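**Student:**
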Amino acid sequence: MQPATILTDIEGTTSSIAFVREVLFPYARARLPAFIREHGHEPEVRRWLDAVAIEIAAGACDDAVIAETLQGWIDQDRKHTALKALQGMVWEAGYSDGDFTAPLYPDVLPALQTWHAAGHRLAVYSSGSVPAQKLLFSHTEAGDLTPLFAGFFDTEVGGKREAASYRAIAARLGQAPDTVLFLSDVVEELDAARAAGMRTTLLDRAQDYPQPRLGDATHGHPRAESFAQITP
Ligand SMILES: CSCCC(=O)C(=O)COP(=O)(O)O
Ligand SMILES: [Mg+2]
100 MQPATILTDI EGTTSSIAFV REVLFPYARA RLPAFIREHG HEPEVRRWLD AVAIEIAAGA
160 CDDAVIAETL QGWIDQDRKH TALKALQGMV WEAGYSDGDF TAPLYPDVLP ALQTWHAAGH
220 RLAVYSSGSV PAQKLLFSHT EAGDLTPLFA GFFDTEVGGK REAASYRAIA ARLGQAPDTV
280 LFLSDVVEEL DAARAAGMRT TLLDRAQDYP QPRLGDATHG HPRAESFAQI TP
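In C-alpha cells:
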C-alpha cells in the first residue's frame with residue numbers, strides 16, 4: 100500500500116502562533132505602506148491592491164487607504180488571499196536581511212525527515228501564500244526544508260474551512276482523499292478535510308492552546324500534542 104501523503108498547516112501546527120502574530124504580522128504591518136508606495140506599480144503587486152480596492156470601495160481608491168485597510172485586516176487576523184500575498188512579498192526582505200528565521204516546533208523536523216525517508220509525500224496547506232510558505236520553510240532555524248515537500252497550497256485553491264478545497268488539493272496531488280492525512284490546530288479546518296474524505300489529526304500544542312482540547316472539543320478528530328505522537 101502507498102504510504103499516506105501528509106498535508107500540514109503551518110501556524111499552530113509546525114510553527115507557533117506567537118511567531119506568526121508577534122514577529123511576522125508586526126513586520127508586515129509596519130512595512131506595508133512603504134512597500135505599496137515603492138512597488139504598487141508592479142503588476143504582481145497591483146493585482147492584489149486592486150482586489151482589496153474592489154472589496155472595500157467597489158472600485159478605485161487611494162493606495163494609502165488600501166494600506167490602512169490591510170493593516171486593519173492584519174489586526175483582525177483576516178485570512179484574505181490578497182493580504183496574504185502582499186504579506187509574503189514584504190516578508191521576503193525580512194528573511195533575506197536576516198531580521199528573522201522561521202522557528203519550527205522541535206518535534207517537527209525529525210518527524211518530517213522520518214516520514215519523508217519512509218516514502219510519505221509531504222505537502223503544505225496554509226492561509227499564508229505559497230511564496231510565503233516557501234520562504235518560511237527555506238529559512239528555518241534548521242536550514243532549507245523545501246526539498247522535503249511535494250506540494251504547497253494556499254487559499255487560491257479555496258478557503259481552509261471548505262471541503263471543496265481539500266478535494267481540489269487531493270486532485271492536484273493525484274491522490275484519493277483517504278490517502279491524505281491533514282494536520283491542523285483548527286477544528287473547523289479538520290472538519291472540512293474530513294468531509295472531503297481525508298484523514299485528520301488535531302494538533303493541540305500547549306504553547307498555543309494552554310487549555311487542552313479534549314472530549315467533544317476535538318470533534319472526533321484524533322488529537323496529538325506533538326508530531327512525535329502521529330503515526331501516518
Ligand atoms: C506562510 S507563514 C504565514 C502564516 C500566515 O500568514 C497565516 O495566516 C497562517 O495561517 P495557517 O493557515 O498556517 O494557520
Ligand atoms: Mg493553523
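The working numbering numbers the first residue of the sequence shown as 100 and each following residue consecutively.
The beta carbon of each residue, even a glycine, is placed where N, CA and C say it ideally should be.
Since this is a predicted model, take the numbers as computed values, not measurements.
Counting C-beta neighbours from all protein chains within 10 Å, is the total for Ser226 16 or more, i.e. buried, or is it exposed?
**Tutor:** Numbered from 1 along the sequence shown, position 127 holds the residue referred to as residue 226. The residue is buried, with at least 16 neighbouring Cβ atoms inside 10 Å.
**Student:** Would you mind sorting Glu288 into buried or exposed? The rule is 16 or more other CB atoms within 10 Å of its CB.
**Tutor:** Your numbering for residue 288 matches position 189 in the sequence shown. It counts as buried.
**Student:** Which two residues bound the contiguous beta strand (DSSP E) that contains Phe248?
**Tutor:** Position 149 of the sequence shown, counted from the first residue, corresponds to residue 248. Counting along the chain, the beta strand (DSSP E) containing Phe248 begins and ends at Phe248 to Phe252.
**Student:** Ser114 bridges to which residues according to DSSP?
**Tutor:** Counting from one through the sequence shown, the residue named residue 114 turns up at place 15. DSSP, once it has assigned bridges, lists Glu110 as partnering Ser114.
**Student:** Might you give, ordered along the chain, the residues of its own chain that have their beta carbon closer than 8 Å to the beta carbon of Gly139, omitting 5 neighbours on each side?
**Tutor:** Here residue 139 refers to the residue found at position 40 when the sequence shown is read from its first residue. So the qualifying residues of the chain are Arg145, Leu148 and Asp162.
**Student:** With H, G and I counted as helix, E and B as strand and the rest as coil, what does DSSP make of Ile155?
**Tutor:** As a first step, residue 155 must be located in the sequence shown, where it is residue number 56. DSSP places Ile155 in helix when its eight states are reduced to three.
**Student:** Which ranges does the alpha helix (DSSP H) cover as unbroken runs of at least 4 residues, wholly within the stretch 284 to 331, from first to last along the chain?
**Tutor:** Runs of the alpha helix (DSSP H) inside the stretch 284 to 331: 286 to 294.
**Student:** Could you check if Arg220 is buried or exposed, using at least 16 other CB atoms within 10 Å of its CB as the buried criterion?
**Tutor:** Against the sequence shown, residue 220 aligns to sequence position 121. The residue in question, Arg220, is buried, as its Cβ has 16 or more Cβ neighbours within 10 Å.
**Student:** Might you give, ordered along the chain, the residues of its own chain that have their beta carbon closer than 7 Å to the beta carbon of Phe217, omitting 5 neighbours on each side?
**Tutor:** Position 118 of the sequence shown, counted from the first residue, corresponds to residue 217. The sequence shown places Ala at residue 217, not Phe. Hits under 7 Å: Pro102.
**Student:** Using three-state DSSP, classify Leu203 as helix, strand or coil.
**Tutor:** Reading the sequence shown from its first residue, position 104 is the one you call residue 203. In the structure shown, Leu203 sits in coil (DSSP, three-state: anything other than H, G, I, E or B).
**Student:** Quick one: grab the DSSP three-state call for Ala222.
**Tutor:** Along the sequence shown, read from residue 1 onward, the residue named residue 222 stands at position 123. In this structure, Ala222 counts as strand in the three-state DSSP scheme.
**Student:** Rank Glu110, Ala133 and Gly197 by C-alpha distance to the C-alpha of Lys178 and give the top, closest one.
**Tutor:** As a position in the sequence shown, residue 178 is number 79, starting the count at 1. The shortest Cα separation from Lys178 among Glu110, Ala133 and Gly197 belongs to Glu110.
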